[in-house]
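First the structure, in the form of structure tokens, and then the observations on it.
Number of protein chains: 2
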Amino acid sequence: MKALVFVTLKSGVLDPQGKAIHHSAESLGFAGINDIRQGKYFEIFLDPSLDEAAAFAEATRLASEILANPVIEDYRVEIVK
Amino acid sequence: MKALVFVTLKSGVLDPQGKAIHHSAESLGFAGINDIRQGKYFEIFLDPSLDEAAAFAEATRLASEILANPVIEDYRVEIVK
Numbered sequence: 023m024k025a026l027v028f029v030t031l032k033s034g035v036l037d038p039q040g041k042a043i044h045h046s047a048e049s050l051g052f053a054g055i056n057d058i059r060q061g062k063y064f065e066i067f068l069d070p071s072l073d074e075a076a077a078f079a080e081a082t083r084l085a086s087e088i089l090a091n092p093v094i095e096d097y098r099v100e101i102v103k
Numbered sequence: 023m024k025a026l027v028f029v030t031l032k033s034g035v036l037d038p039q040g041k042a043i044h045h046s047a048e049s050l051g052f053a054g055i056n057d058i059r060q061g062k063y064f065e066i067f068l069d070p071s072l073d074e075a076a077a078f079a080e081a082t083r084l085a086s087e088i089l090a091n092p093v094i095e096d097y098r099v100e101i102v103k
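In structure tokens, the structure reads:
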């Protein structure tokens, strides 16, 4: 079983990396892009013996304690079978 | 309209950052985790005047030309309305 964790900056937090990518994209002629924000993405391969609820709980604890900084970041966990 | 781009290392490519996170998680007592791989995640806010096909095409071109290194990375694009 696999858990996907998406970590994004909270909406009020400045994202200079995203701004730099947006600026580069505009310089290279990409049109129609209003904004870009960068986040992090983790694939967590879990022991197949865990059931879905336990896998979700473990991945959520990992996300909140290790992967995300809750002061400035939000996270979202998805379980993929 | 928003496009989500997921960039991951190709499966044969070593991911030292993921390995370090996995090792930390084990030291901190997380059980049942077989492997962790880290990727990148981008939210691209597109002009609402683009239709879904145009938005997908633009985000895919951005992913392949700027966001991912096709030598070692794969990418996946999703459109969210």
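As they're listed, the protein sequences go chains X and L. The opening position of the first sequence corresponds to residue 23 in this note's numbering, with each subsequent residue numbered one higher. The opening position of the second sequence corresponds to residue 23 in this note's numbering, with each subsequent residue numbered one higher. Backbone N, C-alpha and C fix where the C-beta goes; we use that ideal spot for every residue, glycine too. These numbers come from a predicted model, not from an experiment.
Rounded to the nearest angstrom, what separates residue 89 of chain X and residue 29 of chain X at their Cα positions? 8 Å
Output yes if chain X places a C-beta closer than 9 Å to the C-beta of residue 91 of chain L; else output no. no
Would you say the region 42-60 of chain L touches the region 63-76 of chain X, given that touching needs at least three Cβ pairs under 8 Å? yes
Under 8 Å by beta carbon: chain L residues contacting residue 78 of chain X: The premise fails here: residue 78 of chain X is roughly 12 Å from chain L at the closest Cβ pair, so nothing lies under 8 Å.
Does residue 51 of chain L pass the burial test, meaning 16 or more other C-beta atoms within 10 Å, or should it be called exposed? exposed
Can you tell me where the beta strand (DSSP E) holding residue 43 of chain L begins and where it ends? Careful: residue 43 of chain L lies outside any beta strand (DSSP E), inside the alpha helix (DSSP H) at 38-49.
Within 9 Å of any Cβ in chain L, is that where the Cβ of residue 62 of chain X sits? yes
Which residue comes first and which comes last in the alpha helix (DSSP H) that contains residue 78 of chain L? 74-84
What did DSSP end up calling residue 88 of chain L once you bin it into helix, strand or coil? helix
Nearest-angstrom Cα separation, counted from residue 103 of chain L out to residue 61 of chain L: 23 Å
Once the 5 residues before and after residue 82 of chain X are set aside, which same chain residues still bring their CB inside 6 Å of it? 99
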